[in-house]
Amino acid sequence: MRTAYGSKLLPPLFVIALIAIFYWPLLSGIYSIFDVGPDITVMAVPDLNLRANALRSGIVPVWDPYEMGGQSPLGEMTPALLDPFSYPLLLMPLKNGHVRLGYIQIYYVLLHCLAGLAAYLLIMDLNVRSHLAAVVAGVFYAIGSVPGNAIWFQVVTEAIYAPLVLIFLFRSLRGMRPIGNAAVAGLVLGFSWFSGTHHIPVIMSLSCATLFLVIALLGDLRLGLSRLAVFSGTMLLVSAPQVIPALQWGQMSMRWVLLDQPIPGAAKVPFLAHLIENIHPSSLLSILVPTQGSWQQMLFAGVVAIVFAVLALVTTLGRARLARLCLAFVIAGTLMTLSQYNMLYGVAYILVPMFDKLREAVFWIFLSHLALTCLIGLGLDAFIARDQILLERRIAKVLAIAGGALLTFSYLVESLGKQGFQDAGDRFAISGIAALLLACLFYLVNRSLLKPALAAALALGLLMIEHGNVAGRLNYPRGHGYNSQFEKPLLASDSLAQFLRTRTDLERIDVDQKDLPMNFGDFHMIEEMSSHGGSMLASVFETKFWAPRARQLYGVNYYLARKPSQSNQVELFTAPTGIKVFRNPDARPRVWSVHKIVSVPDYARANDLLSSPSFEMATTSFVTGEPPQVGDCGSGDQIELLHRSWFSVAIRARMQCAGMVVLNDNWYPGWRASVDGKSAPIYSAYMTIRGIVVGPGDHVVEMQYRPRALFLGCLLFAIGLGATIWLYRRTEGQGPDLLA
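Quick look at the structure:
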């Protein structure tokens with residue numbers, strides 16, 4: 205019994221151990237992921253801190269009051285509120301109220317370990333004879349391509365689900381519970397939408413749906429369409445708690461896509477945006493040769509991976525549809541990365557729903573590497589079983605010739621003496637060395653001087669060396685001159701937050717993002733009217749939130765920077781880093797009342813009014829459409845904020861006559877209001893914040909956040925989960941094996 209359990213547990217443990225060894229620079233703390241690029245430090249770390257602190261209060265922050273006047277993290281997707289893998293990290297002990305950066309690096313590595321385990325399970329489910337083949341394929345999947353080179357936790361998390369989707373999809377195509385396994389594949393893919401971004405879910409959704417459709421057209425149409433309908437239906441139902449709020453956010457937001465101006469979130473991403481972060485045909489050599497540049501690194505597969513994939517194709521291509529399917533995925537993913545150089549990419553952009561949302565065409569290489577993972581497992585299995593001895597001899601000769609040629613070329617390039625040429629020569633030399641060493645392994649096995657299993661293990665080590673020149677270290681070690689561009693300001697910002705918390709009048713802050721390149725508000729749970737992100741509410745953007753009068757409207761009464769931004773700002777505090785805290789004397793309070801409301805046709809007129817020195821925002825508001833009726837009785841109202849938390853607000857309003865009570869938090873669907881317990885509409889006052897009309901007398905105005913989009917999504921999730929369980933448990937006959 206112990207031996208049986210050991211034989212099952214040891215290979216997955218080896219996958220984890222090998223991936224941990226590969227990422228030793230991060231686990232040891234010598235290298236850091238926090239200065240590779242801004243996104244991880246200025247957005248992801250603050251998001252994690254906000255969620256960790258909210259969780260300790262028993263809150264899942266489906267509304268974030270600390271960013272840009274209040275936003276919907278669930279709609280934005282990237283905070284990944286529904287991601288189950290993030291919660292163990294959030295529950296770890298905090299340091300000074302923050303998630304420890306060391307824990308975040310460990311978490312990043314553990315996500316890769318889970319991705320590797322998922323790929324290991326996929327290869328074992330393909331009925332390979334060798335656990336070692338599955339181990340090698342699992343390690344390759346975790347350290348290569350998108351999972352190995354993406355610094356975003358969300359993308360690595362998505363990569364965990366993709367092999368699991370293929371497990372059940374392939375089972376369905378092999379005739380094992382064709383409908384039940386199609387449902388489970390859709391369910392797993394639905395869960396992947398909770399990870400925080402849409403890259404891999406979109407690729408997998410389109411690819412799997414296309415595969416089911418093609419098989420339906422070429423075979424049993426009824427069964428094929430049933431598979432497609434069940435797969436798509438369960439995916440849509442299960443993903444609903446994330447997708448429906450994201451669709452709602454898209455209708456009300458602006459999205460940055462690297463063009464001159466942001467676009468409406470619900471609009472089709474312009475084709476021009478797809479041509480910015482793409483791959484040139486000349487870059488495809490990066491599949492074999494290590495290169496620099498984040499996008500080109502995602503292409504890299506390496507000599508070892510390509511050789512065993514070729515071995516799998518030659519061994520099984522003529523007698524297994526699985527190999528042909530994997531080859532089709534490899535070709536399709538590679539061609540899709542070329543975007544503007546591939547006419548069919550443009551056709552898909554026009555015809556295929558959701559295709560435009562994946563503007564980073566390079567992410568399509570993920571499909572190639574996922575299929576390549578399967579081929580590597582099959583190829584190593586054939587190598588260990590000695591299925592193609594003659595072919596292996598030919599491969600050894602080709603590798604020896606190619607390795608020698610690459611080394612010679614690298615020497616000639618390096619002899620030119622220029623630094624850039626030397627770097628290129630080094631990269632070609634690594635591939636040449638890998639080819640020569642792999643040729644030696646093939647030769648020794650053919651001469652019976654080395655056991656195939658040991659040669660496969662050594663090939664795994666060679667594969668890790670190849671990828672260690674592309675992923676793993678992620679640029680520079682701590683202490684290097686480049687380091688601290690983002691990490692140091694993050695760690696040095698606590699003194700500013702401590703000072704701000706002593707201010708009894710603190711409403712909102714603004715920061716100079718050159719001096720504090722981070723989402724300060726989320727990191728320290730202090731409301732901020734500036735932040736980094738991929739999208740924001742259109743109302744905030746159209747109100748020109750960066751303008752002084754808009755800052756005044758939102759109650760921004762403190763500014764953090766090295767220098768003031770306005771002449772009337774008063775310096776109060778200087779942190780050891782040289783960052784100062786300035787007070788804005790003219791900011792609006794959190795709540796007030798107005799007795800004059802005018803109608804404006806659009807944001808252009810609204811901005812004209814707001815920017816006019818003669819416009820009194822303390823007494824006058826504006827809305828679109830017919831303004832509500834209010835009385836004109838001067839300024840004798842008494843407005844008091846009784847309570848304000850994540851999801852609720854209470855205001856006491858003693859009104860001289862009917863007027864609008866204004867709260868300078870963003871208007872957004874899901875907020876419900878009542879006056880003395882009776883439901884009341886919430887107006888978009890000043891075209892962006894909340895206003896409630898209240899009659900004369902003493903009243904209590906309450907607002908609560910009850911997002912119907914989330915509640916509907918949860919209901920659909922329950923239906924999808926229940927339907928999947930029923931479909932999988934019901935009696936179902938064996939279907940034809942379409943992968944044999």
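First residue of the sequence shown? That's 205 in this note's numbering, and the numbers climb one at a time after it.
From the three backbone atoms N, C-alpha and C, an ideal C-beta is built for every residue, glycine too.
Exercise. If you check the beta carbons only, do Leu230 and Ile237 fall under 8 Å apart?
Worked result: As a position in the sequence shown, residue 230 is number 26, starting the count at 1. As a position in the sequence shown, residue 237 is number 33, starting the count at 1. Yes, these two residues count as a Cβ contact at 8 Å.
- Per DSSP, which residues does Phe512 bridge with? Please list them. Position 308 of the sequence shown, counting from 1, holds the residue named residue 512. The secondary-structure analysis by DSSP pairs Phe512 with nothing; it has no beta-bridge partner.
Ends of the alpha helix (DSSP H) at Ala604? Translated into the one-based positions of the sequence shown, residue 604 becomes position 400. Membership of Ala604 in the alpha helix (DSSP H) is indicated by the continuous run 593–618.
What is the C-beta distance between Thr928 and Leu217, in whole angstroms, given that I count them as a contact (C-beta under 8 Å)?
As a working note, residue 928 is residue 724 in the sequence shown. As a working note, residue 217 is residue 13 in the sequence shown. That pair is no contact at about 30 Å.
Subject >> Neighbourhood of Ala779 by C-beta, 6 Å cutoff - its chain only, sequence neighbours within 5 removed >> reply: The count along the sequence shown starts at 1 and reaches residue 779 at position 575. Here the set comprises Ser699, Leu700.
Along the beta strand (DSSP E) that carries Leu542, what are the first and last residues, could you check? Residue mapping note: residue 542 aligns to position 338 of the sequence shown, counting from 1. Taken as a continuous stretch (DSSP letters only), Leu542 belongs to no beta strand (DSSP E), as it is neither H nor E.
- Please list, in chain order, all residues of the same chain as Met205 whose beta carbon is under 6 Å from its beta carbon, the five residues on each side excluded. The residue you call residue 205 lines up with position 1 of the sequence shown. Reliability of the predicted coordinates at Met205 is poor, the pLDDT of 44 falling under 50, and no value is obtained from them.
Going by C-alpha distance, which of Asn253, Asp627, Leu326 is nearest Leu294? For the purposes of this step, residue 294 is identified with residue 90 of the sequence shown, where counting begins at 1. In this structure, Asn253 is the residue among Asn253, Asp627, Leu326 with its C-alpha nearest to the C-alpha of Leu294.
Exercise. Report all residues from its chain with a CB closer than 6 Å to the CB of Leu603; omit the five preceding and five following residues, and keep chain order.
Key: For the purposes of this step, residue 603 is identified with residue 399 of the sequence shown, where counting begins at 1. Within the same chain, Leu603 has close Cβ partners Ala639, Leu642, Ala643.
With distances taken from CA atoms, which of Ile263, Tyr270, Gln275, Ile234 is nearest Trp875? Locating residue 875 in the sequence shown gives position 671, where the first residue counts as 1. Its Cα nearest to that of Trp875, the residue Gln275 stands out among Ile263, Tyr270, Gln275, Ile234.
Mind checking Gln358: buried by the 16 CB within 10 Å criterion, or exposed? Here residue 358 refers to the residue found at position 154 of the sequence shown. Under this definition Gln358 is a buried residue.
* Asked: Do Val350 and Ala363 have their CB atoms nearer than 8 Å?
  -> Translated into positions along the sequence shown, residue 350 becomes position 146. Translated into positions along the sequence shown, residue 363 becomes position 159. For the 8 Å CB-CB criterion, Val350 and Ala363 form a contact.
Q.
Which same chain residues end up closer than 6 Å to Ala444 when comparing Cβ atoms and leaving out the 5 residues on each side of it in sequence?
A. One-based indexing of the sequence shown puts residue 444 at position 240. So the list reads Gly917, Leu920, Phe921, once near-sequence residues are dropped.
Quick one: what's got a C-beta closer than 7 Å to Leu429's C-beta in the same chain, skipping five residues either side? Taking the sequence shown and counting its residues from 1, one reaches residue 429 at position 225. So the list reads Ala420, once near-sequence residues are dropped.
| query | Rounded to whole angstroms, how far is the Cβ of Tyr763 from the Cβ of Asn788, which I believe are closer than 8 Å? | reply | Indexing the sequence shown from 1 puts residue 763 at position 559. Indexing the sequence shown from 1 puts residue 788 at position 584. Right, their Cβ atoms sit about 6 Å apart.
inquiry  = For Ala502, tell me which candidate among Val853, Asp836, Val511, Ser487 has the shortest Cα-Cα distance.
reply    = As a position in the sequence shown, residue 502 is number 298, starting the count at 1. The question names Ala, but residue 502 in the sequence shown is Met. The shortest C-alpha to C-alpha distance from Met502 to any of Val853, Asp836, Val511, Ser487 is the one to Ser487.
Can you have a look at Thr401 and say buried or exposed, based on whether 16 or more other CB atoms are within 10 angstroms of its CB?
Along the sequence shown, read from residue 1 onward, the residue named residue 401 stands at position 197. Buried is the call here.
Sorted by chain position, which residues of the same chain lie with C-beta nearer than 7 Å to Val534's C-beta, five sequence neighbours on each side aside?
What you label residue 534 is simply residue 330 of the sequence shown in a count that begins at 1. Only Ser572, Ala575, Leu576 meet the Cβ criterion.
When DSSP labels each residue in this structure, what does Gln908 get in the three-state scheme? Here residue 908 corresponds to residue number 704 of the sequence shown, with the count starting at 1. In this structure, Gln908 counts as strand in the three-state DSSP scheme.
Buried or exposed, going by whether 16 or more other CB atoms sit within 10 Å of the CB of Lys784? Taking the first residue of the sequence shown as position 1, residue 784 is located at position 580. Lys784 is classed as buried because its beta carbon has at least 16 other beta carbons within 10 Å across all chains shown.
Taking the alpha carbon of Arg260 as the reference point, which residue from Ile223, Met296, Pro468, Phe826 has its own alpha carbon closest?
Here residue 260 refers to the residue found at position 56 when the sequence shown is read from its first residue. Among Ile223, Met296, Pro468, Phe826, the Cα nearest to that of Arg260 is on Met296.
Is there contact here, the region 267–281 with the region 302–318, by at least three beta-carbon pairs under 8 Å? No, the region 267–281 does not touch the region 302–318.
- Task: Look at the alpha carbon of Ala323 and the alpha carbon of Leu529, and state the distance between them as a whole number of angstroms.
- Result: Within the sequence shown, numbered from 1, the residue matching residue 323 stands at position 119. Within the sequence shown, numbered from 1, the residue matching residue 529 stands at position 325. Near 17 Å, if we compare the C-alpha coordinates of Leu529 and Ala323.
Mind checking which residues open and close the alpha helix (DSSP H) that includes Gln860?
For the purposes of this step, residue 860 is taken as residue 656 along the sequence shown, with counting starting at 1. Where Gln860 is concerned, there is no enclosing alpha helix (DSSP H), given that its DSSP letter is neither H nor E.
Would you tell me roughly how many angstroms separate the C-alpha atoms of Glu936 and Ser376, rounded to the nearest one? What you label residue 936 is simply residue 732 of the sequence shown in a count that begins at 1. What you label residue 376 is simply residue 172 of the sequence shown in a count that begins at 1. Roughly 11 Å separates the two Cα atoms.
inquiry  = Using 8 Å as the threshold, is the C-beta distance between Leu942 and Gly423 below it?
reply    = Translated into the one-based positions of the sequence shown, residue 942 becomes position 738. Translated into the one-based positions of the sequence shown, residue 423 becomes position 219. Pairing Leu942 with Gly423 gives a Cβ-Cβ distance under 8 Å.
Quiz prompt | When Arg912, Arg858, Pro911 are compared against Val905, the one with the closest alpha-carbon | solution = Position 701 of the sequence shown, counting from 1, holds the residue named residue 905. When only C-alpha atoms are compared, the closest one is Arg858.
When you compare the region 729–742 with the region 277–289, are there three or more beta-carbon pairs, one atom per stretch, that lie closer than 8 Å?
Using a Cβ-Cβ distance cut-off of 8 Å, the region 729–742 and the region 277–289 are in contact, since at least three pairs of beta carbons, one from each stretch, lie closer than that value.
Continuous beta strand (DSSP E) assignments of at least 3 residues falling wholly in the region 231–302: The qualifying runs do not exist here; there are none.
- Considering Met458, what are the terminal residues of the beta strand (DSSP E) in which it resides? For the purposes of this step, residue 458 is taken as residue 254 along the sequence shown, with counting starting at 1. Here the beta strand (DSSP E) through Met458 covers 457–459.
Review point. Would you report the Cα separation of Ser436 and Lys718, rounded to the nearest angstrom?
Key: Start at 1 with the first residue of the sequence shown, and residue 436 comes out as number 232. Start at 1 with the first residue of the sequence shown, and residue 718 comes out as number 514. Their backbone Cα atoms lie some 45 Å apart in a straight line.
field: Identity of the residue in Met328, Ala366, Asp329, Val332 nearest Ala346 by Cα
entry: The sequence position of residue 346 within the sequence shown is 142, counting from 1. Checked all of Met328, Ala366, Asp329, Val332; the closest Cα to Ala346 is Ala366.
Boundaries of the alpha helix (DSSP H) in which Gln689 is found, first to last residue: Against the sequence shown, residue 689 aligns to sequence position 485. Run containing Gln689: none; DSSP gives neither H nor E here.
For Leu285 and Asp726, I'd like the C-alpha separation in whole angstroms. Position 81 of the sequence shown, counting from 1, holds the residue named residue 285. Position 522 of the sequence shown, counting from 1, holds the residue named residue 726. In a straight line, the C-alpha of Leu285 is about 14 Å away from that of Asp726.
Self-check item: Residue(s) in a DSSP beta bridge with Val853
Solution: Against the sequence shown, residue 853 aligns to sequence position 649. Bridge partners of Val853: Arg848, Met907.
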